[in-house]
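Protein sequences, first through last, are from chains F and U.
Quick note: UniProt numbering has the first sequence finishing at residue 340, numbered continuously throughout.
Quick note: UniProt numbering has the second sequence finishing at residue 340, numbered continuously throughout.
Where a beta carbon is used, it is the ideal one built from N, C-alpha and C, also for glycine.
Keep in mind that this is a model prediction, so the values were computed, not measured.
2 protein chains.
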Amino acid sequence: MVSIKEVAQLAGVSTATVSRFINNPDQVKQHTRERVQKAISETGYAPNTLARNFRRGKTHIVVVVLPSVGDPFFEGIMEGIWRVAREQGYSILVRETLFNTVDFDEFTHMIFSKQADGIILLASPSPFREGVSIDDERKQPPIILSCENVTPELKNFPSVRIDNVAAATEATTYLISLGHKRIAFMFGKSSSTLTADRETGYRKAMKKAKLPIDDTWVSEGGLTLEGARRAVRKLINSSAPPTAIFCANDEMAIGAIHEIKAAGLSVPEDISVVGFDDIRYAEVVDPPLTTIAQPAEEIGERTMYRLCKAIDGSDIGLGAETVPHKLIVRRSTAKPPQSS
Amino acid sequence: MVSIKEVAQLAGVSTATVSRFINNPDQVKQHTRERVQKAISETGYAPNTLARNFRRGKTHIVVVVLPSVGDPFFEGIMEGIWRVAREQGYSILVRETLFNTVDFDEFTHMIFSKQADGIILLASPSPFREGVSIDDERKQPPIILSCENVTPELKNFPSVRIDNVAAATEATTYLISLGHKRIAFMFGKSSSTLTADRETGYRKAMKKAKLPIDDTWVSEGGLTLEGARRAVRKLINSSAPPTAIFCANDEMAIGAIHEIKAAGLSVPEDISVVGFDDIRYAEVVDPPLTTIAQPAEEIGERTMYRLCKAIDGSDIGLGAETVPHKLIVRRSTAKPPQSS
DNA sequence: TTGTACGCGTTATCAG
DNA sequence: CTGATAACGCGTACAA
């Protein structure tokens with residue numbers, strides 16, 4: 001492995017000059033530049049990133065924590081993150097949490113031990129250890145939450161997301177406006193507060209319309225196809241089945257539609273279904289899914305920009321940066337059946 | 001930022017002892033261990049990963065190159081990779097290529113400049129620069145291809161995948177056995193050799209059955225929902241529309257089904273559709289998709305294991321490691337319509 | 001069992 | 001504009 005020394009020797013200059021040639025070429029005289037360039041080409045020298053990072057004290061790596069690669073919702077978010085990362089010279093290390101718990105200490109440790117310059121928590125299930133609290137006084141580590149609220153303790157953590165409560169209220173209110181009275185809500189995992197805001201929005205809308213909520217209507221779908229299918233089977237067989245189901249994400253909505261149809265019922269004739277996220281499959285399922293669209297790329301971009309600022313030491317403040325959502329009405333929703 | 005020195009000072013030992021305590025605790029006397037442990041706790045010391053990597057000459061990072069995070073096909077593959085990575089102490093850096101070209105030099109440079117210990121090319125579009133050829137004599141950089149064949153030059157590169165030709169032949173032959181004679185094939189991008197093997201398998205099966213292939217039947221779907229929809233519109237309106245469509249991946253098959261139904265036709269009554277990959281949505285689309293299943297987790301695991309060996313300097317040989325595929329018959333395929 | 005001392009490859013500082 | 005040299009934090013021979 002050829003080092004800067006050999007290049008310097010071959011070019012007949014000092015290592016300092018070679019280093020300057022690489023990092024501040026304008027500080028090197030034209031004539032010298034050529035000599036160094038030649039030596040680099042001949043040796044095939046490439047600066048050792050390890051040594052460079054060590055010296056500079058920066059990894060230029062940002063860790064993105066997400067539940068699972070393969071979730072179409074992240075496509076747009078990641079695209080936004082990547083665009084900015086590339087522009088700012090960062091690489092992205094992905095850490096999935098699907099089957100592993102994580103705690104906040106792990107993340108601070110990553111920063112502390114220089115494994116990463118900053119961290120983005122993307123819709124992380126966030127089973128943070130209890131008692132985590134970033135007191136506003138202390139300088140925060142460069143960590144940004146994105147897309148979802150997590151534990152109440154971190155409510156004031158820097159984040160970028162839509163107003164989940166308002167969006168869920170809007171979706172539920174839309175169902176109510178169609179005439180639905182028995183509306184179910186399907187959340188993620190009971191252990192996680194991931195979709196809590198969406199549940200809050202749902203309850204808020206129901207309350208405002210003075211509609212009762214049967215306990216059996218609020219069920220867990222684990223944010224997965226399979227979980228939603230199980231939950232729907234129960235709902236359908238219950239004594240007071242709902243005429244509409246609002247799912248906390250599209251994945252569950254797709255599973256729900258499949259299971260409703262498998263049971264011989266129709267969507268939306270018998271049961272209306274609403275999703276959340278507007279992933280690319282929402283438009284091609286049968287029937288196309290009514291859902292809440294999030295401006296994914298924008299979320300990604302703004303998250304990464306904010307993180308860059310935090311890494312640079314700027315004060316980015318606490319709290320959420322809110323981006324607009326939009327209710328997309330497709331054909332999975334209609335008036336409730338007459339008999340009801 | 002607290003360094004090893006301060007810990008040593010506080011514990012009243014040398015830095016060497018602290019280092020040993022971290023890396024070879026058994027070489028430190030019990031009594032000393034306690035003192036060091038205490039000092040570490042008090043200072044909140046964490047070894048500087050940058051310095052450590054520099055010193056050891058390894059990053060413990062493996063770069064996984066893939067077209068796009070958010071592609072459900074990668075879920076299983078990544079899970080396998082991650083399991084092994086965790087076990088072997090590696091982190092995963094993800095590099096997406098969706099909208100960026102990459103060349104082989106970029107990857108060798110990553111290894112060369114110590115940005116990563118090894119690289120996995122996952123179903124990469126692989127627009128490698130021409131003239132790339134790893135001659136068998138020279139020691140190869142630790143790079144493994146996974147899932148797909150790429151350019152012909154790299155045919156003999158270390159890889160882990162199913163036998164794409166055989167799988168495609170099997171899928172096509174199945175359609176033929178149902179009585180189909182006019183079978184279309186939808187590939188990815190014409191610029192990419194990504195799905196070339198699958199096309200080869202398709203042509204092989206058609207030839208064996210002595211069935212002609214109309215040029216208009218072989219079309220490009222870009223591996224996306226949207227691309228497939230465009231392609232299907234053309235197919236349906238052509239003078240000799242096919243009675244079955246074999247798509248090079250499930251994503252396109254899902255788009256195809258949607259578009260066929262949107263045109264007022266039925267799947268499989270009017271047109272049968274076969275996909276490839278068996279992503280999780282394949283089972284819940286309407287009708288459920290007949291497709292080729294790949295053992296995703298196994299592919300991921302074996303790829304990562306092989307890469308680890310390569311990183312450790314073992315000779316892993318050239319060529320492909322083949323894993324078994326399986327044709328999954330669901331309800332998107334049936335006999336062709338009588339009229340045909 | 002522990003301490004001393006050196007070197008890893010780069011960049012930054014400071015003289016020249 | 002360029003060269004000499006001191007860090008950066010850690011791991012490890014080697015000596016004690």
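Under the rule that 16 or more other beta-carbon atoms within 10 Å means buried, what is residue i, buried or exposed?
{"i": "U/P212", "result": "exposed"}
{"i": "F/S146", "result": "buried"}
{"i": "F/K30", "result": "Sequence check: residue 30 of chain F is Gln here, not Lys. Its Cβ having fewer than 16 others within 10 Å, F/Q30 is exposed."}
{"i": "U/E87", "result": "exposed"}
{"i": "F/D250", "result": "buried"}
{"i": "F/T17", "result": "buried"}
{"i": "U/M110", "result": "buried"}
{"i": "U/L318", "result": "exposed"}
{"i": "F/T322", "result": "exposed"}
{"i": "U/E148", "result": "buried"}
{"i": "F/G89", "result": "exposed"}
{"i": "F/G255", "result": "buried"}
{"i": "U/Q338", "result": "exposed"}
Mind checking if residue i is an interface residue toward chain U, Cβ cutoff 9 Å exclusive?
{"i": "F/F107", "result": "no"}
{"i": "F/A39", "result": "no"}
{"i": "F/V285", "result": "yes"}
{"i": "F/Q294", "result": "no"}
{"i": "F/R330", "result": "no"}
{"i": "F/F74", "result": "yes"}
{"i": "F/Q115", "result": "yes"}
Below 8 Å on the Cβ atoms is my contact criterion, and I expect residue i with residue j to pass it. Report the Cβ-Cβ distance as a whole number of Å.
{"i": "F/P336", "j": "F/T243", "result": "4 Å"}
{"i": "F/T49", "j": "F/A116", "result": "In fact, because the Cβ distance is near 15 Å, the residues do not count as touching under 8 Å."}
{"i": "F/I257", "j": "F/V273", "result": "5 Å"}
{"i": "F/A282", "j": "F/K326", "result": "Rounded, the Cβ-Cβ distance is 13 Å, inconsistent with contact."}
{"i": "U/P295", "j": "U/R330", "result": "About 18 Å separates the two Cβ atoms, so there is no contact after all."}
{"i": "U/M206", "j": "U/A228", "result": "The Cβ separation is near 20 Å, so there is no contact."}
{"i": "F/L93", "j": "U/L93", "result": "5 Å"}
Would you report the Cα separation of residue i and residue j, rounded to the nearest angstrom?
{"i": "U/F187", "j": "U/A46", "result": "51 Å"}
{"i": "F/V7", "j": "F/V36", "result": "7 Å"}
{"i": "F/F73", "j": "U/G313", "result": "39 Å"}
{"i": "F/S238", "j": "F/T97", "result": "34 Å"}
{"i": "U/F21", "j": "U/Q27", "result": "7 Å"}
{"i": "U/E259", "j": "U/R55", "result": "57 Å"}
{"i": "U/E284", "j": "U/A262", "result": "First, the amino acid is wrong: residue 284 of chain U is Val here, not Glu. Between U/V284 and U/A262, the C-alpha separation is close to 18 Å."}
{"i": "U/A167", "j": "U/R230", "result": "26 Å"}
{"i": "F/A171", "j": "F/L66", "result": "25 Å"}
{"i": "U/V218", "j": "F/A240", "result": "51 Å"}
{"i": "U/V2", "j": "F/N24", "result": "31 Å"}
{"i": "U/S113", "j": "U/L122", "result": "22 Å"}
{"i": "U/V69", "j": "U/T290", "result": "24 Å"}
{"i": "U/R182", "j": "F/D278", "result": "36 Å"}
{"i": "U/S332", "j": "U/G44", "result": "60 Å"}
{"i": "U/T108", "j": "U/T224", "result": "30 Å"}
{"i": "U/P324", "j": "F/S266", "result": "38 Å"}
{"i": "U/R161", "j": "F/D105", "result": "38 Å"}
{"i": "F/G222", "j": "F/C247", "result": "11 Å"}
{"i": "F/K234", "j": "F/I328", "result": "28 Å"}
{"i": "U/A184", "j": "U/D214", "result": "8 Å"}
Once the 5 residues before and after residue i are set aside, which same chain residues still bring their CB inside 8 Å of it?
{"i": "U/G300", "result": "G76, I77, M78, E79, G80, I81, W82, R83, V84 and S146"}
{"i": "U/V165", "result": "D197, R198, T200, G201 and K204"}
{"i": "U/S91", "result": "H60, I61, V62 and A85"}
{"i": "U/E220", "result": "M186, F187, G188, K189, S190, G227 and A231"}
Excluding sequence positions up to five away, which residues of its chain have a Cβ less than 6 Å from the Cβ of residue i?
{"i": "F/N53", "result": "T59"}
{"i": "U/I144", "result": "I120, P158, T303, R306 and L307"}
{"i": "F/A11", "result": "R35, V36 and A39"}
{"i": "U/A310", "result": "P142 and I316"}
{"i": "residue 370 of chain F", "result": "Coverage of chain F is limited to positions 1 through 340, which leaves residue 370 of chain F absent and any answer about it impossible."}
{"i": "F/A209", "result": "I176"}
{"i": "F/P268", "result": "S332, T333 and A334"}
Is there a Cβ from chain F that is less than 9 Å from the Cβ of residue i?
{"i": "U/Y305", "result": "no"}
{"i": "U/R302", "result": "no"}
{"i": "U/K5", "result": "no"}
{"i": "U/N23", "result": "no"}
Spatial neighbours of residue i within its chain, please: C-beta separation below 7 Å, excluding the five flanking residues on both sides.
{"i": "F/K5", "result": "T15"}
{"i": "F/E42", "result": "L10"}
{"i": "U/H180", "result": "T243, A244, S272 and P336"}
Is any heavy atom in the ligand SAH found nearer than 8 Å to the beta carbon of residue i?
{"i": "U/D278", "result": "Here there are no bound small molecules, and the ligand SAH is not part of this structure."}
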